[in-house]
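Protein sequence lines, in the order shown, are assigned to chains S and Y.
Heads up: take any position in the first sequence, counting from 1, add 78, and you land on our numbering.
Heads up: take any position in the second sequence, counting from 1, add 12, and you land on our numbering.
Let me begin by presenting the structure, written as structure tokens, before commenting on it.
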Amino acid sequence: MKKVNQILLSATLASALLGGCVSRGNDPGWEYAPDMYYSKGYEPYSQADSSALNPYGMSMRTPAVGSVAMGKSDYVYPYENNGAGYELAGAELTMPEGFSDADGRGQYLYDIYCAPCHGAKGNNDGAVFQKAANLKPAWKGYSDPYIQTLPVGKIYHTLTYGKNNMGSHASVLAPLDRWKVINYVKQLSMQSAAAPAASATENAASEMETAN
Amino acid sequence: MIIKHLKGWALAAILAVSAPVLAQDAPSADEGKKLYEANNCGSCHALDKKVVGPALRGVTDRRSEEWLIQWIRNNEKFRKSGDADANALYEEYGGAAMNIFENLSPLQVQHILEYIKTAPAPVQEKAQTTGVTAEEDNSNSIYILLILVAVFAVVLLVLSKVKNTLLRVAAEQDPETYAEQMNKLPLWKRLLPKKLANMNTTVLSLFITLIIGLPMAGYGYKFSISEVGVQKGYAPEQPIAFSHKLHAGDLQLNCRYCHSTVEESKSASIPALNTCMNCHKGVQLTEKYNGNVSPEIQKIYDALDYDPEAKPGEEFGDNPKPIRWVRIHNLPDHAYFNHSQHVKVGKLECQTCHGPIERMEKVQQWNTLQMGWCIDCHRNAGIDAANNNYYAALHAKAASDLENNGNNSQYFGPDGKVRITPAMNGGLECAKCHY
Numbered sequence: 079m080k081k082v083n084q085i086l087l088s089a090t091l092a093s094a095l096l097g098g099c100v101s102r103g104n105d106p107g108w109e110y111a112p113d114m115y116y117s118k119g120y121e122p123y124s125q126a127d128s129s130a131l132n133p134y135g136m137s138m139r140t141p142a143v144g145s146v147a148m149g150k151s152d153y154v155y156p157y158e159n160n161g162a163g164y165e166l167a168g169a170e171l172t173m174p175e176g177f178s179d180a181d182g183r184g185q186y187l188y189d190i191y192c193a194p195c196h197g198a199k200g201n202n203d204g205a206v207f208q209k210a211a212n213l214k215p216a217w218k219g220y221s222d223p224y225i226q227t228l229p230v231g232k233i234y235h236t237l238t239y240g241k242n243n244m245g246s247h248a249s250v251l252a253p254l255d256r257w258k259v260i261n262y263v264k265q266l267s268m269q270s271a272a273a274p275a276a277s278a279t280e281n282a283a284s285e286m287e288t289a290n
Numbered sequence: 013m014i015i016k017h018l019k020g021w022a023l024a025a026i027l028a029v030s031a032p033v034l035a036q037d038a039p040s041a042d043e044g045k046k047l048y049e050a051n052n053c054g055s056c057h058a059l060d061k062k063v064v065g066p067a068l069r070g071v072t073d074r075r076s077e078e079w080l081i082q083w084i085r086n087n088e089k090f091r092k093s094g095d096a097d098a099n100a101l102y103e104e105y106g107g108a109a110m111n112i113f114e115n116l117s118p119l120q121v122q123h124i125l126e127y128i129k130t131a132p133a134p135v136q137e138k139a140q141t142t143g144v145t146a147e148e149d150n151s152n153s154i155y156i157l158l159i160l161v162a163v164f165a166v167v168l169l170v171l172s173k174v175k176n177t178l179l180r181v182a183a184e185q186d187p188e189t190y191a192e193q194m195n196k197l198p199l200w201k202r203l204l205p206k207k208l209a210n211m212n213t214t215v216l217s218l219f220i221t222l223i224i225g226l227p228m229a230g231y232g233y234k235f236s237i238s239e240v241g242v243q244k245g246y247a248p249e250q251p252i253a254f255s256h257k258l259h260a261g262d263l264q265l266n267c268r269y270c271h272s273t274v275e276e277s278k279s280a281s282i283p284a285l286n287t288c289m290n291c292h293k294g295v296q297l298t299e300k301y302n303g304n305v306s307p308e309i310q311k312i313y314d315a316l317d318y319d320p321e322a323k324p325g326e327e328f329g330d331n332p333k334p335i336r337w338v339r340i341h342n343l344p345d346h347a348y349f350n351h352s353q354h355v356k357v358g359k360l361e362c363q364t365c366h367g368p369i370e371r372m373e374k375v376q377q378w379n380t381l382q383m384g385w386c387i388d389c390h391r392n393a394g395i396d397a398a399n400n401n402y403y404a405a406l407h408a409k410a411a412s413d414l415e416n417n418g419n420n421s422q423y424f425g426p427d428g429k430v431r432i433t434p435a436m437n438g439g440l441e442c443a444k445c446h447y
């Protein structure tokens, strides 16, 4: 009967140990078939082992300089990231032909990528600017004549490369999406200019729409 | 007489009006501070540190006041006028032009310069030495304690075995002296109540097995199906102590700001460091860390090989290293999941699966990600078929078929109308997710 007692004792110990295998904190817990959990083939964000060929264990490679993915030729941007490029973009770049933003994607994207700093109406009163006021640009908001008269090409250049405290948004906004955002920014800018004359607001907005 | 009086009053009035004007002619640091803040000079400049533009302290020693007034009010015109210094400065900063401030009068520029001249230097606080080392790591001492307990238990067992062996040997040689000790019941029997101790050992063992063994088996079963391979609650330490509570909660950044591919791709994407730098180029929290960049933000800079103090155009070095975030949500290789399908098409909120991320200081896995959990939703969630023009005909047919033929209650929502679920769209087919 000693055997039975020993089995019972070890079962108690084992269950106590098992309790320690639950995942919490840094410990992912028990996995019964790790080779099924962790793909041998590279998947997005799978963490490979580091090797001489892949020192950081990445599952992605940096594309060769200058390579353009299929169907992404609109990502090619000829102007350089400097003052001269900024001026050139302002002078030469215009909205793509046949541009339209019928489904309001410009506003949707603006609310995600711009409003955190520039505010829902472009008054530079987003949550980030409220917390870190030192990031605010010199102009007050989109109603500022500076933004109203700013060529769309310069805004596109700024979205692509960033300017002053603003970083590049090229990795999160596809080229056409950038134009949709710019279109909405200009709408906001014109609206806020027309705001004092309440009746003029709608006209300006509809004018903007017909202009585009 | 009256006229004389009036003249006196007029003189007094003129003096009263002109006195502040005269006073304003002298540059005032207070006025300058107000103007400095009102025009957001701080967005590109700091007094003691290069930001977008150069550090401003001592600028009045480097340049003449006249030069500064022209530069600040309209640097573009000034450069075009052919000033060599102005053009050199423009080139030095990589052609990042300063904004034009013609709204400021020359006097107002003088106010600002006065403010820069007189602004107090930052107080260098003593480096904090306490508090960093005070926190001891307790986890190790607990392990040492456990090991000690185990060692002593082994020693105790060995000693008692030795004692028993010696006793047996002694009893063999001299049975009479040791008879009493040999006949003594074992310790565990003496500890039990008499009734239990006198029971048949087999019955007793069965009894104990029932009381302890069955619940343990139940626990083991539950454990094996709900804990092994299930990582709910997993909240690993990440290489950067990024707080979702601060960014998604307090600052209300939309999840898509960083996880920008969630609507287009299988993966929600870990943001590129470029995205961090959209804000953290400027947000360094130096005021909290004694003039230094916050150590967590410094990790971004290190990974990018970025030096905020470097000359313009040379901030980024050529030795960047990727940050090795620890993956939390991991589906087995044989299960396919697509974010865009759930977020864009299914219109699910991120929180439906990931829990209250905007309140998590450190992200933890909120749901089990077990198959039963997926299936639950695929059976019960309603599809917004009303606004789906692409499959409108199909959905209408499904609805009418069910209404006419089906009496299976699972197809009807609480309102009695046919409810189209993912399951009806093939959301329970094995090969939808396992292929």
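Every residue gets a Cβ at the ideal spot worked out from N, C-alpha and C, and that includes glycine.
When Cβ-Cβ separations below 7 Å define contact, residue 279 of chain Y makes contact with chain S.
By the neighbour-count criterion, in which 16 or more other beta carbons inside 10 Å mark a residue as buried, residue 271 of chain Y falls on the buried side. Residue 145 of chain S counts as exposed, since fewer than 16 other beta carbons sit within 10 angstroms of its beta carbon.
Judged by DSSP secondary structure, residue 232 of chain Y falls within the alpha helix (DSSP H) whose first and last residues are 226 to 238. Taking a cut-off of 8 Å on C-beta distances, the stretch 209 to 224 of chain S touches the stretch 52 to 67 of chain Y, as three or more cross pairs fall below it. At a cut-off of 7 Å between beta carbons, residue 134 of chain S contacts chain Y. Here residue 134 of chain S has 128 as same chain residues with Cβ atoms under 7 Å from its own Cβ, once five neighbours each way along the sequence are excluded.
In chain order, 190, 191, 194 and 250 make up the part of chain S whose C-beta sits under 9 Å from the C-beta of residue 269 of chain Y. At the C-beta level, residue 245 of chain Y and residue 370 of chain Y stay beyond 7 Å of one another. The three-state secondary structure of residue 166 of chain Y, taken from DSSP, is helix. DSSP places residue 113 of chain Y in the coil class of the three-state scheme, outside both helix and strand. When C-beta distances to chain S are compared with 7 Å, the residues of the stretch 295 to 312 of chain Y below that value are 295, in chain order. Annotation for residue 238 of chain S: the continuous alpha helix (DSSP H) segment containing it runs 230 to 239. Residues of the stretch 103 to 134 of chain S that bring their beta carbon within less than 9 Å of a beta carbon in chain Y comprise 103, 104, 105, 106, 107, 108, 109, 110, 111, 113, 114, 115, 116, 117, 118, 119, 121, 122, 123, 124, 125, 133 and 134, in sequence order. Taking C-alpha positions only, residue 183 of chain Y is separated from residue 195 of chain Y by approximately 11 Å. Taking every protein chain shown into account, the CB of residue 179 of chain S has 16 or more other CB atoms within 10 angstroms, so this residue is buried. Taking each of Y/358, Y/383, Y/376 and Y/368 in turn and checking the Cα distance to residue 437 of chain Y, the smallest one comes out for Y/358. For residue 218 of chain Y, the enclosing alpha helix (DSSP H) has its first and last residue at 213 to 220.
Residue 431 of chain Y counts as buried, since no fewer than 16 other beta carbons sit within 10 angstroms of its beta carbon.
Counting C-beta atoms within 10 angstroms of its own C-beta, residue 267 of chain S has 16 or more neighbours from the protein chains shown and is therefore classed as buried.
Within the DSSP secondary-structure output, residue 102 of chain S pairs in a beta bridge with S/105. Put simply, the backbone Cα of residue 429 of chain Y is about 20 Å away from that of residue 401 of chain Y. In the three-state reduction of the DSSP assignment, residue 173 of chain S falls in the coil class, being assigned neither a helical nor a strand state. When Y/433, Y/410, Y/234 and Y/282 are compared, the shortest CA-CA separation from residue 396 of chain Y is found for Y/433.
By the beta-carbon neighbour count (other beta carbons within 10 angstroms, threshold 16), residue 289 of chain Y is buried. In the three-state reduction of the DSSP assignment, residue 136 of chain S falls in the coil class, being assigned neither a helical nor a strand state. In the pairwise beta carbon analysis, the stretch 331 to 348 of chain Y is classified as touching the stretch 112 to 127 of chain S: at least three pairs are separated by under 8 Å. For residue 94 of chain Y, not one C-beta of chain S is nearer than 7 Å to its own C-beta. Within the DSSP secondary-structure output, residue 328 of chain Y pairs in a beta bridge with Y/318. Residue 242 of chain S reaches chain Y at 55, 56, 64 and 108, counting residues in chain order whose Cβ is nearer than 8 Å. Residue 447 of chain Y has its alpha-carbon roughly 34 Å from the corresponding atom of residue 374 of chain Y.
In this structure, S/216 is the residue among S/216, S/150 and S/102 with its C-alpha nearest to the C-alpha of residue 84 of chain Y. Secondary structure at residue 372 of chain Y: coil, using DSSP grouped into helix, strand and coil. Distance from residue 126 of chain Y to residue 255 of chain Y at the Cβ level is roughly 41 Å; contact not present, criterion being Cβ atoms closer than 8 Å. Sequence-distant Cβ neighbours of residue 244 of chain S in its own chain, meaning closer than 7 Å and more than five residues away, are 236. DSSP places residue 269 of chain Y in the helix class (H, G or I) of the three-state scheme.
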